[in-house]
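Below is one structure; the comments refer to it alone.
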Amino acid sequence: MGYLKCIEVENFKSYRGKQEIGCLKPFTAIIGPN
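Counting with my numbering, you get residues 52 to 85 for the letters of the sequence shown.
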């Protein structure tokens with residue numbers, strides 16, 4: 052099983068420039084085609 056340490060986005064929606072979202076607490080996500 053994989054996990055995320057941090058999320059790095061650049062110019063994503065209303066976030067200008069490079070943003071790093073880190074120190075994520077464990078969570079469960081169900082993903083699929085959009």
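Cβ atoms here follow ideal geometry from the backbone N, Cα and C, with glycine treated the same way.
Of the residues I58, Y54 and G53, the one placed nearest G73, counting alpha carbons only: I58
C-alpha gap between F86 and E71, whole angstroms: Since the first residue of the chain shown is 52 and the last is 85, residue 86 is not available in this structure.
First through last residue of the beta strand (DSSP E) which encompasses G73: K69 to G73
V60 and Y54 closer than 8 Å at C-beta: A distance of 8 Å or more separates the beta carbons of V60 and Y54.
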